[in-house]
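Q:
Protein chains: 2
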Amino acid sequence: MPSTSPLTTDLYELNMVQAYLDKGEDKEAVFEFFVRRLPPRRGFLLAAGLDDALDYLETLRFSAAEIDWLKSTGRFRDNLLDYLKNFRFTGDVHAIPEGSVCFPNEPLIRITAPLPQAQLVESRLINILHFQTLIASKAARMVLAAPGKILSDFGLRTAHGAEAGLYSARASYIAGFAGAANVLAGERYGVPIVGTMAHSFVQVHDDEMTAFENFARARPQGVILLIDTYDTEQGARKVVELAPRLAADGIAIRGVRIDSGDLTAMARKVRGILDDGGLSEVIILVSGGINEDVLQTMMKEKAPIDGFGIGVNLAASVDVPALDCAYKLQEYAGKPKRKLSEGKATWPARKQVWRAYDADGRMRGDILSLENDRQPGEALIVPVMRAGTRVAPVPTLAQIRERAAGDLKRLPGPLARLESGFEYPVNVADALTALAKQIEAKTK
Amino acid sequence: MPSTSPLTTDLYELNMVQAYLDKGEDKEAVFEFFVRRLPPRRGFLLAAGLDDALDYLETLRFSAAEIDWLKSTGRFRDNLLDYLKNFRFTGDVHAIPEGSVCFPNEPLIRITAPLPQAQLVESRLINILHFQTLIASKAARMVLAAPGKILSDFGLRTAHGAEAGLYSARASYIAGFAGAANVLAGERYGVPIVGTMAHSFVQVHDDEMTAFENFARARPQGVILLIDTYDTEQGARKVVELAPRLAADGIAIRGVRIDSGDLTAMARKVRGILDDGGLSEVIILVSGGINEDVLQTMMKEKAPIDGFGIGVNLAASVDVPALDCAYKLQEYAGKPKRKLSEGKATWPARKQVWRAYDADGRMRGDILSLENDRQPGEALIVPVMRAGTRVAPVPTLAQIRERAAGDLKRLPGPLARLESGFEYPVNVADALTALAKQIEAKTK
Numbered sequence: 030m031p032s033t034s035p036l037t038t039d040l041y042e043l044n045m046v047q048a049y050l051d052k053g054e055d056k057e058a059v060f061e062f063f064v065r066r067l068p069p070r071r072g073f074l075l076a077a078g079l080d081d082a083l084d085y086l087e088t089l090r091f092s093a094a095e096i097d098w099l100k101s102t103g104r105f106r107d108n109l110l111d112y113l114k115n116f117r118f119t120g121d122v123h124a125i126p127e128g129s130v131c132f133p134n135e136p137l138i139r140i141t142a143p144l145p146q147a148q149l150v151e152s153r154l155i156n157i158l159h160f161q162t163l164i165a166s167k168a169a170r171m172v173l174a175a176p177g178k179i180l181s182d183f184g185l186r187t188a189h190g191a192e193a194g195l196y197s198a199r200a201s202y203i204a205g206f207a208g209a210a211n212v213l214a215g216e217r218y219g220v221p222i223v224g225t226m227a228h229s230f231v232q233v234h235d236d237e238m239t240a241f242e243n244f245a246r247a248r249p250q251g252v253i254l255l256i257d258t259y260d261t262e263q264g265a266r267k268v269v270e271l272a273p274r275l276a277a278d279g280i281a282i283r284g285v286r287i288d289s290g291d292l293t294a295m296a297r298k299v300r301g302i303l304d305d306g307g308l309s310e311v312i313i314l315v316s317g318g319i320n321e322d323v324l325q326t327m328m329k330e331k332a333p334i335d336g337f338g339i340g341v342n343l344a345a346s347v348d349v350p351a352l353d354c355a356y357k358l359q360e361y362a363g364k365p366k367r368k369l370s371e372g373k374a375t376w377p378a379r380k381q382v383w384r385a386y387d388a389d390g391r392m393r394g395d396i397l398s399l400e401n402d403r404q405p406g407e408a409l410i411v412p413v414m415r416a417g418t419r420v421a422p423v424p425t426l427a428q429i430r431e432r433a434a435g436d437l438k439r440l441p442g443p444l445a446r447l448e449s450g451f452e453y454p455v456n457v458a459d460a461l462t463a464l465a466k467q468i469e470a471k472t473k
Numbered sequence: 030m031p032s033t034s035p036l037t038t039d040l041y042e043l044n045m046v047q048a049y050l051d052k053g054e055d056k057e058a059v060f061e062f063f064v065r066r067l068p069p070r071r072g073f074l075l076a077a078g079l080d081d082a083l084d085y086l087e088t089l090r091f092s093a094a095e096i097d098w099l100k101s102t103g104r105f106r107d108n109l110l111d112y113l114k115n116f117r118f119t120g121d122v123h124a125i126p127e128g129s130v131c132f133p134n135e136p137l138i139r140i141t142a143p144l145p146q147a148q149l150v151e152s153r154l155i156n157i158l159h160f161q162t163l164i165a166s167k168a169a170r171m172v173l174a175a176p177g178k179i180l181s182d183f184g185l186r187t188a189h190g191a192e193a194g195l196y197s198a199r200a201s202y203i204a205g206f207a208g209a210a211n212v213l214a215g216e217r218y219g220v221p222i223v224g225t226m227a228h229s230f231v232q233v234h235d236d237e238m239t240a241f242e243n244f245a246r247a248r249p250q251g252v253i254l255l256i257d258t259y260d261t262e263q264g265a266r267k268v269v270e271l272a273p274r275l276a277a278d279g280i281a282i283r284g285v286r287i288d289s290g291d292l293t294a295m296a297r298k299v300r301g302i303l304d305d306g307g308l309s310e311v312i313i314l315v316s317g318g319i320n321e322d323v324l325q326t327m328m329k330e331k332a333p334i335d336g337f338g339i340g341v342n343l344a345a346s347v348d349v350p351a352l353d354c355a356y357k358l359q360e361y362a363g364k365p366k367r368k369l370s371e372g373k374a375t376w377p378a379r380k381q382v383w384r385a386y387d388a389d390g391r392m393r394g395d396i397l398s399l400e401n402d403r404q405p406g407e408a409l410i411v412p413v414m415r416a417g418t419r420v421a422p423v424p425t426l427a428q429i430r431e432r433a434a435g436d437l438k439r440l441p442g443p444l445a446r447l448e449s450g451f452e453y454p455v456n457v458a459d460a461l462t463a464l465a466k467q468i469e470a471k472t473k
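As they're listed, the protein sequences go chains H and C.
Counting in the working numbering, the first sequence runs from 30 upward without gaps.
Counting in the working numbering, the second sequence runs from 30 upward without gaps.
1. Can you name the residues of chain C whose CB is closer than 8 Å to the CB of residue 51 of chain H?
2. Assign residue 101 of chain C to one of three DSSP states: helix, strand, or coil.
3. Closer than 9 Å, Cβ to Cβ, to anything on chain H: give me those residues from the stretch 170 to 201 of chain C, in chain order.
4. Quick one: which residues of the stretch 121 to 152 of chain H get their C-beta closer than 8 Å to a C-beta of chain C? List them in chain order.
5. Let me know the beta strand (DSSP E) ranges lying completely inside the stretch 108 to 143 of chain C, each 3 residues or longer, listed in chain order.
6. What are the start and end residues of the alpha helix (DSSP H) that includes residue 243 of chain H?
7. Report yes or no: do the stretch 263 to 281 of chain H and the stretch 296 to 310 of chain H share at least 3 C-beta pairs separated by less than 8 Å?
8. Three or more C-beta pairs closer than 8 Å, one from the stretch 33 to 40 of chain C and one from the stretch 413 to 431 of chain H: is that the case here?
9. Any contact of the stretch 247 to 266 of chain H with the stretch 458 to 465 of chain H, i.e. 3+ C-beta pairs under 8 Å?
10. Residues of chain H with a CB under 8 Å from the CB of residue 236 of chain C: which are they?
11. What span of residues does the alpha helix (DSSP H) with residue 49 of chain C cover, start to end?
12. With residue 96 of chain H and residue 113 of chain H assumed to form a contact (beta carbons below 8 Å), what rounded beta-carbon distance in angstroms separates them?
13. Can you list, in chain order, the residues of its chain with a C-beta nearer than 8 Å to that of residue 280 of chain H? Leave out the 5 residues immediately preceding and following it.
14. Look up residue 181 of chain H in the DSSP assignment and give the residues it is bridged to.
15. Output yes if chain H places a C-beta closer than 8 Å to the C-beta of residue 350 of chain C; else output no.
16. Report yes if the C-beta distance between residue 397 of chain C and residue 127 of chain C is below 8 Å; otherwise report no.
17. Inspect the beta-carbon positions of residue 189 of chain H and residue 188 of chain C and report whether they are closer than 8 Å.
18. If we ignore side chains and look at the alpha-carbon of each, how far apart do residue 468 of chain H and residue 261 of chain C end up?
19. Taking the DSSP output, what are the residues bridged to residue 386 of chain C?
20. Below 7 Å on C-beta distance, what does residue 226 of chain H contact in chain C?
21. What does DSSP give as the partner residues of residue 18 of chain C in its beta bridges?
22. Would the beta-carbon of residue 139 of chain C fall within 8 Å of that of residue 379 of chain C?
23. Would you mind stating whether residue 55 of chain C and residue 158 of chain C have Cβ atoms separated by less than 8 Å?
24. Looking at the structure shown, is residue 284 of chain C part of a helix, part of a strand, or coil, going by DSSP?
25. Based on the DSSP secondary-structure assignment, which residues constitute the bridge partners of residue 66 of chain H?
26. Counting only beta-carbon atoms, is residue 34 of chain C nearer than 8 Å to chain H?
27. Helix, strand or coil for residue 438 of chain H? Go by DSSP, reduced to three states.
28. Interface residues of chain H around residue 38 of chain C at Cβ under 7 Å?
29. Residue 215 of chain C versus chain H: which residues are under 9 Å apart at the beta carbon?
30. Just checking: is the beta-carbon of residue 341 of chain C within a distance shorter than 8 Å of some beta-carbon in chain H?
31. Under the three-state reduction of DSSP, which class applies to residue 456 of chain H: helix, strand or coil?
32. Determine, using beta carbons only, whether residue 294 of chain C and residue 315 of chain C come nearer to each other than 8 Å.
33. Measure the C-alpha to C-alpha separation of residue 28 of chain H and residue 323 of chain H and round it to an integer number of angstroms.
34. Do you know whose CA, among H:318, H:353, H:337, lies nearest residue 352 of chain C's CA?
35. Strictly under 8 Å for the Cβ-Cβ distance: is residue 302 of chain H near chain C by that measure?
36. Below 8 Å between beta carbons: does that hold for residue 325 of chain C and residue 174 of chain C?
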């Protein structure tokens, strides 16, 4: 997993921990992270990022150099510096498993730990969970829009930094993508890596045919030739001409890629050229400006396209680049807490989410309740870390991906569409409503 | 600087390098990185990310473990693995200095290196330069909308991963932000770090007054109290009550923060309460939903607000989360190259940008030319790395920030507005146009 500096946090976390330590304010605190509301056009979320979040909690350490730097700022006193020097996260974590479909107000993760610990980890936990959930949710829309197609994350270059590129590959793979171009996603997570060639490769050569042949003879696994550098149809004809020569040496062309122009129209022409040339097994990949709406349109048009390389629309989730989310104190020293700020009130206390299914297995509705207020349905929030150690078995990425596939199949029909016009019911149990009112009355 | 894995690259780069090595195709290649077009509502860009990009080039190494992993994939042969094992970037780099105002089609960076080197670094170079330029350009709009105000980057939590949070802090500081909440931005770049407190801090305490006092007595530099957890006006009155008690112990309250409700209306009420209480020197900061349009509105309303904490609208550049950009081969083995794909044609060869100024020092127009085709005005592209080593003097972050401030002052009047309705002239010199046509004719 990527190791990031423990200084990846907001200064206010350290300021608050300083104040807590000064007063010995270290009783058990409960924070929950949740999304406040769905963005436009979205009907559900797909939870992702938990494994990296737990990894962060398990490995959070401050080096001597980092402590020295903090000291050098003159902002902190020895009690804080000593605390950080010896920091270990010793709390409990409950969460909705990665790969689960989930909805606003449902806690994706609950941290139960001594107050300074639970506060210190806020910024980075949100940073990990928000982004991976954002991308998994976006990717799920693409997967739903293009069933059976090969979707690949090509987004590293315009992802927001290196980690965004890495997390995007992981989150989209969870949602059902076939793989990613980012090599690091292969090394770190075992995400299948995929790659074709760039226009520059063709331009370097005196002619396109030589470029294709040299690339194919370098024998990348699954040779994909980019055929639109000059004239796409001519490019396709060169592939037809080249294929038998390569086949004689045991090299198969797996596919061609088109990256510009009217992709559907061009794919039809290219499909015709390939088929006429006896290359019906050569697949067509396209890239450039692909998002879920484009995918849906191409599916309706029955474009003869087998796979899609999806860049910035996935990795920066361009239409919705952020979710409205929060990490809120829900209980301290055994007392439930509730934030009341205008327009930002939250549901207090430790909570559970219960999900009911129809006879055909589709999700029917969720109930948000107090943790131990048993409701009908399946309890989604499960323990994943106890006293700083993960609860076994830790799901593999493959298992997380299977869960997502299963959950996407169980979506209510309208939620599987890009414009659902349907609000999935998340009801609040009576006891939770009563507690919220009671706290509000007390505070006012 | 953040060290990232050299595997932060797209597989196709490695596939192409494999093919180049197989054929000994390693003559000098020239690539340029540029933005293709401005997003809606944007009139200019602010170049950022160069220092991190150069750092990447200088420090790019593959560890034995990374080579072993690449080998284990079965995708690459020994010539590539040996090449990567000994990899050092030995090329030249020219660039528009960080902090410069720039425009579409103007090369932000030019890489001149043996082909496999220049190709290998593509993905990560774009990843760094695209994102920092995106954020600096967004931040510049905020700086222009709120002259004289304290703007702070609060965006780490919903930035796209840890590196996005770090780069956002750097890029916004270059554009004129006062600082960032992200502690790592202080340690890595020397960006001033800023921090207040969270609602949870208030909620942990039995009453707000105790929370304020405990926080202030922990003596963070520049105590900022968050006053909207329960009732903002009452919060302000508590600050008035508390201030003399703290002053007696030599502790000053620097400011208050409001994070919810009608920020302008509330700021007026709070300003009144603070002034009436003799706290006219206590500043008012606000946060929550701030972007450049909100800033402009608040400035017009003369809201008594001194500073703004800006989160996701900055760090994820929510309205425009990506720029349309490209890293294109412009010359190989001495021959100019031009990509002709439909709708994506590029300007060939090594280029220079010349900027003319009006008598009052404002930018009048740019000319994009061949590198040595001298035009009137200032040449923007300068050498920054020779044979893999940076050209001294390397500008400090403070100098980069000064350059940005200077360039923002020299913007044509309309470009300093949020809706410019003005297209800055970037003309193409005759010789460059002629060369582009000539290549096109030859290729067709």
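Ideal placement from N, C-alpha and C gives every residue a C-beta, glycine not left out.
Fair warning: this is a prediction, and the values are worked out from it, not measured in the lab.
A: Short version:
1. 243, 246, 247
2. helix
3. 183, 185, 186, 187, 188, 189, 190, 191, 192, 193, 194, 195, 196, 197
4. 144, 148, 151, 152
5. 121 to 124, 138 to 143
6. 237 to 246
7. yes
8. no
9. no
10. Simply none; closest approach about 10 Å.
11. 40 to 52
12. 6 Å
13. 245, 246, 248, 252
14. H:208, H:338
15. yes
16. no
17. yes
18. 18 Å
19. C:392
20. 41, 44, 45
21. Shown here, chain C extends from 30 to 473; a query on residue 18 of chain C therefore has no answer.
22. yes
23. no
24. strand
25. H:353
26. yes
27. helix
28. 212
29. 36, 40, 98, 102
30. yes
31. strand
32. no
33. Any property of residue 28 of chain H remains undetermined from this structure, which presents chain H solely from 30 to 473.
34. H:318
35. no
36. yes
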